[in-house]
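S.K.: Residue numbers (the UniProt record's numbering), protein chains in the order written: chain A, 1 to 153; chain B, 1 to 153.
For each residue, glycine too, the CB sits at the ideal point set by N, CA and C.
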DNA sequence: CCAAATTAGATGCATTTGCATCTAATGCTA
DNA sequence: TAGCATTAGATGCAAATGCATCTAATTTGG
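Here is the structure:
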């Protein structure tokens with residue numbers, strides 16, 4: 001019997017994606033059921049996290065949308081909820097009358113950090129024992145490469 | 001400036017997960033916007049796919065739930081919809097009066113294959129150019145290892 | 001062998017999501 | 001620069017999702 005993934009380039013790619021996807025599901029299932037996400041759904045946290053990483057502090061709604069697996073309308077309403085909770089602030093984009101800029105409020109930054117600390121511990125507890133440091137670096141390299149090669153189009 | 005991921009084991013794990021997660025989001029966004037998923041949502045296809053891979057043909061609802069990033073109740077209703085569309089069939093589990101067994105109908109199997117063929121092409125077009133065959137194999141090995149190490153608990 | 005605890009799955013209900021569409025602003029081309 | 005196409009984001013509405021809870025079946029501990 002042929003070894004898994006050895007059949008053809010197409011099958012190899014499909015099985016690689018399958019494995020990546022299942023791993024993501026398995027890890028995410030554990031993460032989101034933990035106590036870190038009592039106060040905020042994963043997608044909501046993800047928005048706060050992305051904003052916390054933004055160098056200028058302000059981010060366009062449509063740029064945010066590239067990072068998140070949500071439709072434009074869902075993201076629009078998600079941000080609306082976050083604004084209603086006082087976690088993010090909006091501002092009309094200065095150069096583009098259609099656009100909206102977002103940033104964390106102080107409260108939003110606080111909550112992101114609080115959840116983030118716990119989240120990082122959870123991740124570490126799952127990934128740390130599973131792969132060596134070298135393996136983690138290699139995995140990061142490969143997933144970075146995969147993602148970057150998609151963006152270029 | 002310290003290189004990314006070199007700071008501590010905890011940060012390394014967090015950044016590895018971040019990279020894996022973003023890659024998954026980026027690939028999934030492309031996949032689900034393609035024409036392969038006109039007739040069926042990704043989660044619905046995933047259920048059909050998992051059933052198509054099941055050796056016995058029958059699968060318990062709760063086992064299915066391990067594979068899918070959906071709550072138990074959402075999966076219950078998703079399966080209900082699939083049954084209503086004639087794509088899966090249910091049967092009470094023989095050894096456990098609480099359980100439900102599922103399998104594909106002929107129509108479900110047909111649709112899975114049809115969507116699957118297109119889906120595999122889409123995956124191949126995204127992953128194939130991004131990583132060499134050796135890299136894909138290594139990525140698969142690492143994500144398999146990650147997932148397996150979670151299950152053992 | 002019985003009662004309590006656990007597990008599988010279904011269901012009511014509020015929230016979240018996506019699709020289609022709408023408005024407004026910008027970009028593009030003649 | 002006028003007109004048309006495109007883009008950013010919001011919104012109505014139906015569908016999907018998750019939480020809490022319910023029922024029924026099984027497992028466990030005394």
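Between which residues of its own chain and residue 78 (chain A) is the CB-CB distance below 8 Å, once the five residues before and five after are set aside?
M.R.: Closer than 8 Å at the Cβ level, and outside the excluded window around residue 78 (chain A), lie 43, 44, 47, 70.
S.K.: Rounded to whole angstroms, what is the Cα-Cα separation between residue 125 (chain A) and residue 67 (chain B)?
M.R.: Distance between the alpha carbons of residue 125 (chain A) and residue 67 (chain B): 21 Å.
S.K.: So, is the C-beta of residue 147 (chain B) closer than 8 Å to a C-beta in chain A?
M.R.: Output row for residue 147 (chain B): interface = yes.
S.K.: Would DSSP call residue 113 (chain B) helix, strand or coil?
M.R.: The answer is helix: DSSP assigns residue 113 (chain B) an H, G or I state.
S.K.: Please report the straight-line C-alpha distance between residue 54 (chain B) and residue 26 (chain B), rounded to a whole angstrom.
M.R.: C-alpha separation (whole angstroms): 28 Å.
S.K.: Using three-state DSSP, classify residue 142 (chain B) as helix, strand or coil.
M.R.: Looking at residue 142 (chain B) - three-state DSSP - the assignment turns out to be helix.
S.K.: Is residue 91 (chain A) close to chain B, meaning its C-beta is less than 8 Å from at least one C-beta of that chain?
M.R.: No, residue 91 (chain A) lies away from the interface with chain B (no Cβ there is under 8 Å from its Cβ).
S.K.: For chain A, check one thing: does any of its Cβ atoms lie closer than 8 Å to the Cβ of residue 13 (chain B)?
M.R.: Residue 13 (chain B) counts as touching chain A.
S.K.: Return no unless some Cβ of chain B is closer than 8 Å to the Cβ of residue 24 (chain A).
M.R.: For residue 24 (chain A), the answer is yes, since a Cβ of chain B falls inside 8 Å of its Cβ.
S.K.: Looking only at its own chain, which residues have a Cβ that is under 8 Å from the Cβ of residue 2 (chain B), when we skip the five neighbours before and after it?
M.R.: Because residue 2 (chain B) carries a pLDDT of 47, less than 50, the predicted location of this residue cannot be relied on, and the following value inherits that uncertainty. Correct list: empty, nothing qualifies.
S.K.: Look at the alpha carbon of residue 102 (chain A) and the alpha carbon of residue 114 (chain A), and state the distance between them as a whole number of angstroms.
M.R.: Taking the straight line from one Cα to the other gives about 20 Å.
S.K.: How far does the alpha helix (DSSP H) with residue 14 (chain A) in it extend, from its first residue to its last?
M.R.: From DSSP, the alpha helix (DSSP H) with residue 14 (chain A) extends over 9-33.
S.K.: Can you pull the chain A residues whose beta carbon is under 7 Å from the beta carbon of residue 111 (chain B), in chain order?
M.R.: Those within 7 Å of residue 111 (chain B) in chain A number zero; the least Cβ separation is about 18 Å.
S.K.: If we ignore side chains and look at the alpha-carbon of each, how far apart do residue 116 (chain A) and residue 143 (chain B) end up?
M.R.: Between residue 116 (chain A) and residue 143 (chain B), the C-alpha separation is close to 23 Å.
S.K.: On a CA-only basis, which of B:122, B:107, B:100, B:88 is nearest residue 35 (chain B)? Give me that one, please.
M.R.: It is B:122 whose Cα lies nearest to the Cα of residue 35 (chain B).
S.K.: Any beta-carbon of chain A closer than 8 Å to the one on residue 76 (chain B)?
M.R.: No - not a single Cβ of chain A is within 8 Å of the one on residue 76 (chain B).
S.K.: Inspect the beta-carbon positions of residue 111 (chain A) and residue 30 (chain A) and report whether they are closer than 8 Å.
M.R.: Not closer than 8 Å, so no.
S.K.: Taking all protein chains shown into account, do 16 or more other C-beta atoms lie within 10 angstroms of the C-beta of residue 147 (chain B), making it buried, or fewer, making it exposed?
M.R.: Counting Cβ neighbours within 10 Å, residue 147 (chain B) comes out buried, since at least 16 surround it.
S.K.: What do you get for residue 19 (chain B), buried or exposed, if any count of 16 or more other CB atoms within 10 angstroms of its CB means buried?
M.R.: Answer is buried; the Cβ neighbour count reaches 16.
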